[in-house]
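These notes concern the structure reproduced below.
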Amino acid sequence: MQYMFYEASSFDQDIGNWAVHSVTNMRYMFRGAKKFNQPLNDWRVDKVTRMDRMFSGAKAFDQDLGWCVDDDVDLDDDVVELPGAFDETKCASTLCGVVQVADAADCPTPARKYHHPRRDDWLLWLLRAF
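Numbering (the numbering used here), first residue to last: 288 to 417.
See the structure below:
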């Protein structure tokens, strides 16, 4: 997926449901996609090893990705000393919710995001029955 939306300055489509679980390289993927600001928090990025400059220059991007990746994932530009993956984004100071850990197996399991009334009510009923 390297360079996929590179300099696509007007791109802002919902791609949050893409299956990216086998992708290893997202380098420069949204670099310069100035209007892109879509949630990607459901993407499974545990196999990605290159994210350098991934969102750099995506000036509108301000999503909390909630990704947890291995320390070996490259978020910086190796050629020049630049802030890296989130340079020139609105969430650069927080790395847009991406954290790095020594071992990706140590990443916390995300909490359930969606409330499903029928299933939740049934579960409550079941718990009360015991």
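For glycine and all other residues, C-beta sits at the position ideal for the given N, C-alpha and C.
From the DSSP output, read off the bridge partner residues of CYS355.
Its beta-bridge partners are VAL386.
So does PRO326 have its beta carbon nearer than 7 Å to some heavy atom of the ligand GDP?
The ligand GDP is not among the ligands present in this structure, which contains no ligands whatsoever.
Report yes if the CB atom of CYS383 is closer than 8 Å to the CB atom of LEU352, and no otherwise.
yes
Are there 16 or more other CB atoms within 10 angstroms of the CB of VAL388, so buried, or fewer, so exposed?
exposed
For ARG337, which three-state DSSP category applies?
Here ARG337 sits in strand by DSSP.
ASP393, DSSP secondary structure in three states
Looking at ASP393 - three-state DSSP - the assignment turns out to be helix.
Proximity to ALA372 [Cα-Cα], best of TRP354, LYS346 and MET341
MET341
Measuring straight from C-alpha to C-alpha, what distance separates MET316 and ARG415?
49 Å
Given a cut-off of 8 Å, decide if ASN312 and ARG337 are closer than it, judged by their beta-carbon atoms.
yes
Give me, in chain order, the residues of the same chain whose beta-carbon lies closer than 7 Å to that of LYS446; leave out the 5 immediate sequence neighbours on both sides.
Any property of residue 446 remains undetermined from this structure, which presents the chain solely from 288 to 417.
Alpha-carbon spacing of ARG314 relative to ALA392, whole angstroms
23 Å
Measuring alpha carbon to alpha carbon, tell me which of ASP390, ALA345, ASP363 and ALA306 ends up nearest PHE298.
ALA345
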